[in-house]
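> Numbering (full-length UniProt numbering), first residue to last: 1 to 367.
Please read through the structure below; I'll follow up with questions.
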């Protein structure tokens, strides 16, 4: 789902309507939702209600199909509205966005626009401010004004830059929290981390990580090409000399442990956890023995002073809220500490590390 703007208008102190949202279309029909955001005092999380609208094209324009009165159905009557898999995931993502709007803003009065960009970040844009920003960008003033500011007041420009970075990181942190509460795919998380690679900036053994390429082919002719083993990120530590790091991203709701004890006081790692560790090891060996030795790859990376020597491997998987008793905590931590060549970090742990980085950005901004 590309960048989308939701137009919002309050109808009372506890409700607001969102303009129709299309989530499916053919040449002759389309499907919409008409959402309402509400403050539900009895069940605060139940903050969105929707009407699903099926429309047909009549003389080039779409018209609502008359509403079916389900109360008039007889016992054996069946009414169905079947959604395709594409429509279902589109509807799900729109609902996540609508819940995020309420979670972050409640039900503000007036008219507003809420924008979600490509990595699902939520930005509230006041109408007048949005028009001013758009006008400046269209007239080409922004770069000119910025260059003049850098020339005449470099200290102020630096502070504004840091403030901008800090604000972007706060926005990303809020989106991180929202994504943890929804069932996002590996691809969604990969996109989020690629757009916010500062989250891996430091804290992982205190080495700064920078993405070299996303979705690399470790055994291919070149790392952007086609190969036998494909991973999520090929990163590099930062310094005068840089060394490759492999990063594998799973899902936040991936299980860390099996549900039943193997024996007394023994809970086995989950199949996904063991598989993720094994996959990283295979990818690491493939990259070290094959991909990194391909002349094009070696030349490309060594031009940037990036080298491969027993590459470090990072697996991002699951959430520690699963470890709800001493036995689970001990078994997971013992397994994790036993993986000397793979660093296992959960999504919630990565969130706390990201918060640490953002807090230190604020300290720099305040200097």
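All residues carry an ideal CB built from backbone N, CA and C; glycine is no exception.
Since this is a predicted model, take the numbers as computed values, not measurements.
For residue 341 versus residue 320, is the C-beta distance shorter than 7 Å?
Position 341 of the chain shown, counted from the start, is the residue given in the question as residue 341. Position 320 of the chain shown, counted from the start, is the residue given in the question as residue 320. No. Outside cutoff.
> Could you tell me if residue 86 is buried or exposed, where buried requires 16 or more neighbouring beta carbons within 10 angstroms of its beta carbon?
For the purposes of this step, residue 86 is identified with residue 86 of the chain shown, where counting begins at 1. Classification for residue 86: exposed.
> Between residue 181 and residue 263, what straight-line distance do the alpha-carbon atoms span, to the nearest angstrom?
Locating residue 181 in the chain shown gives position 181, where the first residue counts as 1. Locating residue 263 in the chain shown gives position 263, where the first residue counts as 1. C-alpha separation (whole angstroms): 33 Å.
> Using DSSP's beta-bridge definition, name the partner residues of residue 278.
The residue given as residue 278 occupies position 278 in the chain shown. According to DSSP, which records beta bridges pairwise, residue 278 is partnered with nothing at all.
> Any chance the stretch 244-262 sits against the stretch 275-283, with 3 or more Cβ pairs inside 8 Å?
yes
> By the three-class DSSP mapping on this structure, what secondary structure does residue 343 have?
Against the chain shown, residue 343 aligns to sequence position 343. DSSP places residue 343 in strand when its eight states are reduced to three.
> Where do the ends of the alpha helix (DSSP H) carrying residue 330 lie?
Residue 330 sits at position 330 when you count from the first residue of the chain shown. Boundaries of the alpha helix (DSSP H) harbouring residue 330: 326-337, taken from the DSSP string.
> In the DSSP assignment, find the unbroken alpha helix (DSSP H) run with residue 317 in it and report its ends.
In the chain shown, the residue the question calls residue 317 occupies position 317. Following the DSSP letters along the chain, one finds residue 317 in no alpha helix (DSSP H), marked with neither H nor E.
> Could you round the C-beta distance between residue 101 and residue 189 to whole angstroms and report it? I think they count as a contact, below 8 Å.
The residue given as residue 101 occupies position 101 in the chain shown. The residue given as residue 189 occupies position 189 in the chain shown. Incorrect: roughly 21 Å between the Cβ atoms, too far for contact.
> By the 10 Å Cβ neighbour count, where 16 or more other Cβ atoms means buried, how is residue 84 classified, buried or exposed?
Working through the chain shown from its first residue, we reach residue 84 at position 84. The residue in question, residue 84, is exposed, as its Cβ has fewer than 16 Cβ neighbours within 10 Å.
> Ends of the beta strand (DSSP E) at residue 12?
Translated into the one-based positions of the chain shown, residue 12 becomes position 12. Start and end: 4-12.
> Where residue 32 and residue 358 are concerned, what is the direct C-alpha to C-alpha distance, given to the nearest angstrom?
Walking along the chain shown from the start, residue 32 turns up at place 32. Walking along the chain shown from the start, residue 358 turns up at place 358. Looking at the two C-alpha atoms, the distance is approximately 38 Å.
> Check this for me: beta carbons of residue 335 and residue 323, under 7 Å apart or not?
Your numbering for residue 335 matches position 335 in the chain shown. Your numbering for residue 323 matches position 323 in the chain shown. No, the Cβ-Cβ distance between residue 335 and residue 323 is not below 7 Å.
> What is the rounded straight-line gap between the Cα of residue 301 and the Cα of residue 53?
By 1-based counting over the chain shown, the position of residue 301 is 301. By 1-based counting over the chain shown, the position of residue 53 is 53. Each residue's Cα considered, the two are about 53 Å apart.
> Roughly how many angstroms separate the alpha carbons of residue 193 and residue 41, rounded to a whole number?
If you number the chain shown from 1, residue 193 lands on position 193. If you number the chain shown from 1, residue 41 lands on position 41. Roughly 35 Å separates the two Cα atoms.
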